[in-house]
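Add 454 to the 1-based position in the sequence shown for this note's numbering, that's all there is to it. Below: the structure, in C-alpha cells.
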Amino acid sequence: MRLGLALGGGGLKGAAHLGVLKTLVENGIKPDIVVGTSAGSIAAALYSAGLLPLVNSITTLPLYNAFNLDNYRFTGMPLGFINGGTVENLLKRTLGNRTFADLHTLTAAVACDLVSGETVVYTNGQPLKPLPPDMVLGGDVPVWQAVRASISVPVIFAPFKIGSRLLVDGGLTDNVPADITRCLGADKVIAVDLGGGVPSRSFSHAGEVILQSLDIMGRRNTALTLKQHADLVLQPVKKPVAAWDISQFANLISSGIAETQRNLKRIQQLLTS
C-alpha cells in the first residue's frame, strides 16, 4: 500500500504542511508519494530532500525569508510586482543543485503553463494512471526551479521560464493535487487543504487580495478534486492568517502538528483498511 500526500497552496499558510509532515514522521508514517502545489511544493521539496529535521530551527533556513516581503524589491507592473530574483537565490541556497532524480521520495511540484493553460507536473516518477488531457509531465529539472515556478502567484511574482514554458502558480488549475497524487500511484491519499472557510476580513495590501481571489476562484474545482481523489482531508488552518504575516510562521507549524494529532487515529485506520 502506497500512501500519498497532496499538499495544497496557500502562501504563508504552507508552514502548516511542515507541522503535518513532522508529526507523520514522528509517528512512523512516511508518505511514499508527496505532491505539492505552490507553498505545498516547498514543503514537499524540503521533506524529500531530507531537510525536514531542520524544521525545529526553521528560522535559520535561508528559505524562511522567502515569506518576508521586506526582502523583495517591487518592480512595478511589467510581469509581476516581484521579479523573483531574491526568492530564486533563497531556493538555490536551501535546495542546492538537487534534481528530482536526487530526491529519496517520489515527489512532484505542480505549475501552470501561462500560454497553454496546461497543468505541468515536475516529478521523479511516472504516472501509473493516465494524467487528464490538460496535464503534462515537465521532466527532471533542478528542484528549486520547479518550486519557483509552482509558487509564482500571478501579478505578485513574475512568471518563471523552464525550457519553452512560461510558468505560474499551479494553484490556478490544481491547488490541492490529490488527483495527481493518485495518478502517480498512491493507493491512499491524504490531502492537506489550506484554503476555504477561513476568510480574512481585512487586507493589508494587493497581494492578499490576489491570493484570496485565487482561493475563491479555485474552491469549486478543489472541492471536486478532494471528493473524487482524497481519502482523508486535513484542514490545519482554523483562523484567518494574513498571507505574509511572518510572525505567524511558528504558530502555523503548530497548527499542522495539532491537526495531524487530532486525526492520527483516522490516519492509522486508513493505512490498515
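Every residue, glycine too, gets a C-beta built ideally from N, C-alpha and C. Please read these numbers as outputs of a predicted model, since none were measured by experiment.
Euclidean distance between Cα positions of residue i and residue j
| i | j | result |
| --- | --- | --- |
| D594 | F554 | 6 angstroms |
| G550 | W598 | 8 angstroms |
| I644 | N543 | 31 angstroms |
| Q715 | V479 | 12 angstroms |
| R734 | Q723 | What the structure shows of the chain is the stretch from 455 to 727, and residue 734 is not part of that stretch, so it cannot be assessed. |
| M531 | A565 | Residue placement at M531 is poorly supported in this model, since its pLDDT is 49, which falls under 50; the coordinates are not used for a value here. |
| Y526 | V541 | Residue confidence is low: Y526 scores 48 on pLDDT, short of 50, so the model does not pin down where it sits. No coordinate-derived value is stated. |
| N629 | F611 | 17 angstroms |
| G534 | Q689 | The predicted model places G534 with a pLDDT of 48, which falls under 50 and marks its position as unreliable, so this point remains unresolved. |
Where the beta strand (DSSP E) containing residue i begins and where it ends
| i | result |
| --- | --- |
| T561 | 560-567 |
| G458 | 457-461 |
| A645 | 642-646 |
| T577 | 573-577 |
| F611 | 609-611 |
| I616 | 614-616 |
Beta-carbon proximity check, residue i vs residue j, cutoff 8 angstroms
| i | j | result |
| --- | --- | --- |
| L560 | G710 | no |
| S492 | G625 | yes |
| A469 | I707 | yes |
| A499 | V663 | no |
| G458 | L648 | no |
| L466 | Q702 | yes |
| K615 | L725 | no |
| D567 | V574 | yes |
| I496 | I670 | no |
Limits of the unbroken alpha helix (DSSP H) element including residue i
| i | result |
| --- | --- |
| R636 | 632-637 |
| R716 | 703-716 |
| L478 | 469-480 |
| I496 | 493-502 |
| V597 | 597-604 |
DSSP state of residue i mapped onto helix, strand, coil
| i | result |
| --- | --- |
| D588 | coil |
| I670 | helix |
| I664 | helix |
| L724 | helix |
| F528 | Note that F528 has pLDDT 48, beneath the 50 cutoff, so the model's placement of it is unreliable and no number is given. |
| R552 | coil |
| L686 | strand |
| L678 | helix |
| I487 | strand |
| V541 | helix |
| L621 | strand |
| L505 | coil |
Three CB pairs or more closer than 8 angstroms across the stretch 630-649 and the stretch 603-622: no
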